[in-house]
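The sequence shown begins at 388 in the numbering used here and counts up one residue at a time.
Just so it is clear, CB atoms sit at the ideal spot from N, CA and C, and this is done for glycine as well.
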Amino acid sequence: MAGAMAKRKVMEEPGRISALWTGELPDGVREKIRHILENACAAGYRPRVFFRADDIAADDEHFSRLMQLFAARRMPLCLAAVPGWLDHLAREKLRRYDPASPLWCWHQHGWNHANHEPEGKKCEFGESRDRAAIRADLLRGRERLALLFGDLFVPVFTPPWNRCGRTTLETLAKLGFQAVSRFANGDPPAASILPDLAVNIDLHTRRERDFRQGWNNFFEEMDAAARSGCMGFMLHHQRMNNAAFAFLDILLSELESARVDCCTFRELLADSRG
Numbered sequence: 388m389a390g391a392m393a394k395r396k397v398m399e400e401p402g403r404i405s406a407l408w409t410g411e412l413p414d415g416v417r418e419k420i421r422h423i424l425e426n427a428c429a430a431g432y433r434p435r436v437f438f439r440a441d442d443i444a445a446d447d448e449h450f451s452r453l454m455q456l457f458a459a460r461r462m463p464l465c466l467a468a469v470p471g472w473l474d475h476l477a478r479e480k481l482r483r484y485d486p487a488s489p490l491w492c493w494h495q496h497g498w499n500h501a502n503h504e505p506e507g508k509k510c511e512f513g514e515s516r517d518r519a520a521i522r523a524d525l526l527r528g529r530e531r532l533a534l535l536f537g538d539l540f541v542p543v544f545t546p547p548w549n550r551c552g553r554t555t556l557e558t559l560a561k562l563g564f565q566a567v568s569r570f571a572n573g574d575p576p577a578a579s580i581l582p583d584l585a586v587n588i589d590l591h592t593r594r595e596r597d598f599r600q601g602w603n604n605f606f607e608e609m610d611a612a613a614r615s616g617c618m619g620f621m622l623h624h625q626r627m628n629n630a631a632f633a634f635l636d637i638l639l640s641e642l643e644s645a646r647v648d649c650c651t652f653r654e655l656l657a658d659s660r661g
């Protein structure tokens with residue numbers, strides 16, 4: 388009962404809305420996006436672009452709106468599903484979105500999105516847990532998603548809060564996971580263990596409190612990502628409002644017409660294998 392209540396609390400709480408979405412979109416947003424993309428391409432970068440949507444489970448209004456937007460724009464989306472929040476009923480509800488579409492990349496987002504750290508930053512798979520417990524949760528999460536999604540499940544692991552310890556990275560590799568996906572420059576480094584298909588642009592969990600400063604920081608982050616050759620956008624649909632959806636639609640429309648390569652983890656994994 389306690390576990391079910393915790394699950395319900397996490398899934399239903401929308402979370403704090405980022406300062407970016409507390410007012411009308413700034414003038415010239417579309418032109419700024421276009422300028423960043425054109426400059427990166429002109430400099431020879433031609434970035435690869437992917438979107439990772441976290442905390443996937445319930446088929447609520449925000450999730451439905453997100454899926455409809457990506458489907459309408461024919462834009463790929465990597466969906467980080469929380470195994471402990473999903474069951475066969477939830478899986479059946481996802482049928483309306485054509486889960487077998489090549490646009491979608493279903494992968495694992497922790498086990499139950501629960502914090503196990505006694506102090507400090509939240510983490511489900513940190514070093515305070517023993518190896519056996521970590522392995523058990525990773526394995527049962529993968530088994531549940533494999534049962535629910537079959538061959539559609541892609542063995543990539545996104546840790547809740549973008550954090551995990553070295554023990555988790557090593558265990559993921561031993562269990563046959565092909566990559567991890569955290570935020571850029573994640574610690575500990577994963578390169579010697581697994582590819583890290585890192586996101587580097589945060590849309591909805593930003594910490595700025597000032598609207599203008601938030602937008603300045605966001606566009607700087609987006610420009611740096613474009614010039615790195617890979618733009619990974621992190622989404623949290625529970626923290627989206629009308630302004631956030633309006634911006635996302637503009638962003639997707641500009642990416643459609645830009646000289647960029649929009650992809651999922653499947654293509655990024657193929658590249659990492661050479």
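Sequence-distant residues of its chain with Cβ nearer than 6 Å to residue i (five each side left out)
i      : result
Phe457 : Leu464
Met392 : In this prediction, Met392 has a pLDDT of 35, which is less than 50 and means its spatial position is unreliable; nothing more can be read from the coordinates.
Arg460 : Leu639
Asp648 : Arg435
Thr545 : Ala467, His496, Ser568
Leu424 : Ala645
Asn549 : Arg569, Phe570
Glu504 : Cys510, Gly513, Ser515
Distance, residue j Cα to residue i Cα
i      : j      : result
Asn502 : Leu642 : 36 Å
Gly513 : Leu556 : 10 Å
Pro413 : Ser515 : 44 Å
Leu584 : Glu411 : 32 Å
Ala519 : Leu539 : 27 Å
Pro576 : Arg646 : 31 Å
Glu418 : Phe634 : 12 Å
Trp498 : Val436 : 27 Å
Gln565 : Asn629 : 36 Å
Lys396 : Asn426 : Residue confidence for Lys396 is low, a pLDDT of 41 falling below 50, so the modelled location carries little weight and cannot support an answer.
Gly528 : Ile580 : 20 Å
Gln625 : Arg452 : 11 Å
Ser644 : Glu530 : 39 Å
Gln455 : Tyr484 : 8 Å
Arg403 : Phe438 : 21 Å
Leu532 : Leu525 : 11 Å
Val416 : Ala631 : 12 Å
Asp517 : Arg421 : 48 Å
Cys650 : Arg596 : 32 Å
Span of the alpha helix (DSSP H), counted from its first residue to its last, around residue i
i      : result
Ala633 : 629-644
Phe570 : First-last for Phe570: undefined, no H or E at that position.
Arg614 : 598-615
His494 : His494 -> not in any alpha helix (DSSP H); beta strand (DSSP E) instead, spanning 491-495.
His449 : 448-460
Cys428 : 416-429
His475 : 475-480
Asp517 : Element bounds for Asp517: n/a, residue is neither H nor E.
Glu557 : 553-561
Own chain, CB closer than 7 Å to residue i, minus 5 neighbours either side, in chain order
i      : result
Thr409 : Phe598
Val541 : Cys492, Trp493, His494, Phe652, Arg653
Local conformation of residue i per DSSP, three classes
i      : result
Leu581 : coil
Val469 : coil
Cys510 : coil
Leu655 : helix
Arg649 : Strictly speaking, residue 649 in this sequence is Cys, with Arg absent from that position. Three-state DSSP puts Cys649 in a strand.
Met621 : strand
Ile404 : coil
Arg435 : strand
Arg660 : coil
Ala445 : coil
Ala440 : strand
Asp485 : coil
Leu412 : coil
Leu526 : helix
Leu464 : strand
Extent of the continuous beta strand (DSSP E) run through residue i
i      : result
Phe540 : 540-544
Cutoff 8 Å; reference residue i; Cβ partners in own chain excluding five residues on either side
i      : result
Arg593 : Ser405, Ala406, Leu407, Gly601, Asn604, Phe605
Glu608 : Asn587, Ile588, Asp589
Chain B contact for residue i (CB, 8 Å cutoff)
i      : result
Phe437 : You won't find chain B in this structure, because it holds only one protein chain.
Touch test, the segment 473-484 against the segment 652-660, Cβ-Cβ under 8 Å, three pairs minimum: no
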